[in-house]
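Below you'll find the structure, written out as structure tokens, and then a few comments.
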Amino acid sequence: MKLKNRLLLAMVLLISAIVFVGCSNDDETSSTEETPDNFNESGYPIVDESITLELMGKSSPIQPEWGEMGFYQEMEEKTNIQFDFRTAAADDFTQNKQLAFASLDLPDLFYGAELTASEESDYGSQGLLIPLEDLIDKYAPNFKKIMEENPNLEASITTPDGHIYALPGIDKSITSKTPIMWMNGPWLEELGVDKPETMDEFYEILKRFKEEDPGNVGEVIPLTANSPADLRVGLLPNFGIVQDDGIYEEDGVVKYAWVQDEYKEYLKFLNRLYEEQLLDNEMFSHTWEQFVAKGNRTGIFSTWPIVQVGFEDPAEALNYPVLPPMTSVTNDEKLAILMSEIRRGRAAITKENEHPEATMRWIDHAYSEEGTILSRLGIEGETYEWNEDDQWVLLAEEGLSTTETNAKHAPGVGTNVPMNLTEEFFEKEGGNPTILEIYKWVSEELVPYAKSPYPQVYFTEEEQNEININKPDIDSYFEQMEAKFITGAEDIDAKWDEYVSTLEKQGIDKLVEVHQSAYDRWAESQ
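When you line the sequence shown up against mature numbering (1 follows the signal peptide of the UniProt record, and there is no 0), it's residues -21 to -1, 1 to 505, in that order.
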């Protein structure tokens, strides 16, 4: 974020903080007593006369403009609800979302919004997001059924003040349970080496990639990732830390990852890779487009092979095995991160919305089988088709991969939108034995070693205020120092004590304390 934008955001946040003093949603209701005019409680269309709502969401570089996507066009035809879109990708979206809340320039609906737990609690308690539980009860039969079938779901999305302010996605797919890094199988085969079991073996493979250029590609990039965060998720467990945003729990005790000896060893390892040009030296600066453009010059990478390398035949993905968990000098146990199937913060209705009942019915369709298929697969005959065994098969336009074709009409490809991705949904995936084989890989090689770093919790208002005060400076300093340590701009051993001391002064003990309190409440409720 540029300095000018940072200053603008800071000023607007300060003004909005003053405006919000004493503001609450105690007097807000999430539904009206009488059925609104121009609204059908069941059946379609949802409204008889067309309405237009403003929607804000996080787009993906592989998607077209959302108004061009078949999903929104079909939904408009079905429901009589159309949208004006405010979309942006990556960091730009995060900034736009913060400014929207801070300036009170809110859309009617956040969709694919990646609202954090703190944003749900903060903006819900301030009355900017409306409570949804009554609307769910009356107008969301699909989501209500999912809640009844998943006893832990309601507790997982209910904030400390007793309200639900945002709806989640449900993802039970094998490949979503744990993050994956991929290996260039043809290069491994050319070198005659197996998958690594230790970080020392991992280093030797990267070194041979660099020195021997087994793919004859010229400028080899042995290891790359879209971001330092992706690399942490993929490699840090091998050093003994399975964390979520720096927080993890061991035997009921909450810890802060970025001051642990295991993390220090991880930094030393990456610094060695960086200096020997085994780690992509552009990782701290490249864009998503630049990252995937590196294609078949990469040996080990953090996104799916069909996106990173690019090929039309999905079966070619079987040439790119998953990177297995490994042991290291600080860890003799294979570990991976286990993700929750409940993906919070995907959709929320704001106080500006004059049609909350209709909006809830529109969102709820995504939790039906038909709605999930439309969200994830797109338009039948254009992005997917059904085979003779009643299984769905993705289609590919000439010159495009199935993923690129799929993303033209399905917002669930590239954006975290509400969906109910059940095991049954993926069992219907046909015509693509490749993905079934990949599911098997993940089930056998990653899932048995995966554990949850920290449960999904909400914080009390006091706890959230403590986090809001301390975490921004902590994260900023941590990210700056991580980059300096890895690139060699700062010596790890020489600066480590000062680094830890600075984080302590910035409040990591308080951060751990509030996470411990929230964890203890969660544990007591189990």
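Think of the CB as a built atom: it goes at the ideal place given N, C-alpha and C, for glycine as much as any other residue.
Requested in this report: Output the boundary residues of the beta strand (DSSP E) element that contains K234.
Outcome: Membership of K234 in the beta strand (DSSP E) is indicated by the continuous run V232 to Y235.
Report task. Taking 8 Å as the threshold, find out whether the stretch 363 to 374 comes into contact with the stretch 270 to 283 through three or more Cβ pairs. Result -> Touching, no.
Query raised in the report: Between the C-alpha atoms of I30 and W371, what's the straight-line distance to the nearest angstrom?
Result: So the two alpha carbons sit approximately 33 Å from each other.
Query raised in the report: Does the distance from the C-beta atom of F270 to that of N205 stay below 8 Å?
Result: Less than 8 Å separates the beta-carbon of F270 from that of N205.
**Report entry** Top-ranked residue by Cα proximity to residue 557, from A502, A497 and L317
**Finding:** Outside the shown range of the chain, which is -21 to 505, sits residue 557, and nothing can be said about it.
**Report entry** Beta-carbon proximity of L88 to L32, cut-off 8 Å
**Finding:** Cβ atoms of L88 and L32: closer than 8 Å.
Query - Distance between T413 and F290 (C-alpha atoms, nearest Å) - result: Looking at the backbone, the Cα of F290 and that of T413 are separated by about 13 Å.
Query raised in the report: Within this structure, are the beta carbons of I136 and K123 separated by less than 8 Å?
Result: No. Outside cutoff.
Query raised in the report: Of the residues M398, T306, V308 and L373, which one's Cα is nearest the Cα of E349?
Result: With distances taken between Cα atoms, E349 lies closest to M398.
Requested in this report: Report yes if the CB atom of L353 is closer than 8 Å to the CB atom of E55, and no otherwise.
Outcome: Cβ atoms of L353 and E55: not closer than 8 Å.
Query - In DSSP terms, what K37 is bridged to - result: The beta-bridge partner set that DSSP reports for K37 consists of A67.
Report task. In the DSSP assignment, find the alpha helix (DSSP H) that holds E28 and state where it starts and stops. Result -> No alpha helix (DSSP H) contains E28, which DSSP labels as neither H nor E.
Query raised in the report: So, helix, strand or coil for I321, using DSSP?
Result: Assigned with DSSP and collapsed to three states, I321 falls in strand.
**Report entry** Range covered by the alpha helix (DSSP H) that runs through T329
**Finding:** Neither: T329 is in no alpha helix (DSSP H) and is coded neither H nor E.
Report task. With a 10 Å radius around its C-beta and 16 neighbouring C-beta atoms as the bar for buried, classify Y227 as buried or exposed. Result -> Buried, because 16 or more other Cβ atoms sit within 10 Å of the Cβ of Y227.
Query raised in the report: Given that a residue counts as buried once 16 or more other Cβ atoms are within 10 Å of its Cβ, and exposed if not, what is residue 543?
Result: Beyond the ends of the chain as shown, which are -21 and 505, falls residue 543; an answer cannot be given.
Query raised in the report: How big is the Cα-Cα spacing for Y182 and K156?
Result: Straight-line measurement puts the Cα of K156 at about 26 Å from the Cα of Y182.
Requested in this report: May I have the straight-line CA-CA distance separating T95 from G324, to the nearest angstrom?
Outcome: Each residue's Cα considered, the two are about 6 Å apart.
Query raised in the report: Taking just the CA atoms, how far does A389 sit from T381?
Result: Going by C-alpha positions, T381 is about 12 Å away from A389.
Query raised in the report: Terminal residues of the continuous beta strand (DSSP E) containing I149?
Result: Under the DSSP assignment, I149 falls in the beta strand (DSSP E) whose first and last residues are L146 to D150.
Query raised in the report: So, do the stretch 237 to 249 and the stretch 261 to 269 have three or more beta carbon pairs nearer to each other than 8 Å?
Result: Contact between the stretch 237 to 249 and the stretch 261 to 269 is absent, because fewer than three Cβ pairs lie under 8 Å.
Query raised in the report: What is the rounded straight-line gap between the Cα of D209 and the Cα of L482?
Result: Cα to Cα, D209 sits roughly 22 Å from L482.
Query raised in the report: By how many angstroms is the C-alpha of R251 removed from the C-alpha of D179?
Result: C-alpha separation (whole angstroms): 12 Å.
Query - Buried or exposed by the 16-neighbour rule on C-beta atoms within 10 Å, applied to I(-7) - result: Low per-residue confidence applies at I(-7): pLDDT is 40, beneath 50, and the placement is therefore not dependable, though the value from the model is reported in the following sentence. Within 10 angstroms of the beta-carbon of I(-7) lie fewer than 16 other beta-carbons, which makes it exposed.
Query raised in the report: Is residue 506 helix, strand or coil by DSSP?
Result: Absent from the model: residue 506. The displayed extent of the chain is -21 to 505, so no value can be given.
Query raised in the report: Where D101 and D499 are concerned, what is the direct C-alpha to C-alpha distance, given to the nearest angstrom?
Result: For D101 and D499, the distance between alpha carbons rounds to 21 Å.
**Report entry** Neighbour-count burial assignment, K76, 16 or more Cβ in a 10 Å radius
**Finding:** Burial call: buried.
Report task. Measure the C-alpha to C-alpha separation of D173 and L167 and round it to an integer number of angstroms. Result -> When rounded, the distance between both Cα atoms is 7 Å.
Query raised in the report: Are S152 and F438 closer than 8 Å when you measure CB to CB?
Result: No, these two residues do not count as a Cβ contact at 8 Å.
**Report entry** Range covered by the beta strand (DSSP E) that runs through Y90
**Finding:** Element bounds for Y90: L88 to Y90.
Query raised in the report: Just curious, the beta strand (DSSP E) that F280 is in, first and last residue?
Result: T277 to F280 is the extent of the beta strand (DSSP E) around F280.
Requested in this report: Give me the Cα-Cα distance between G391 and I60, rounded to the nearest whole angstrom.
Outcome: Going by C-alpha positions, G391 is about 19 Å away from I60.
Query raised in the report: Taking Cβ positions, are V301 and I487 nearer each other than 8 Å?
Result: Result no, Cβ atoms of V301 and I487 do not sit closer than 8 Å.
**Report entry** Beta-bridge partners of T177, as assigned by DSSP
**Finding:** When DSSP reads this structure, T177 sits in a beta bridge with T306.
Query raised in the report: Can you check whether the CB of N275 is closer than 8 Å to the CB of V288?
Result: In this structure, V288 sits near N275, with a CB-CB distance shorter than 8 Å.
Query raised in the report: Hey, how far is the Cα of D230 from the Cα of A81?
Result: The straight-line gap separating the alpha-carbon atoms of D230 and A81 is approximately 39 Å.
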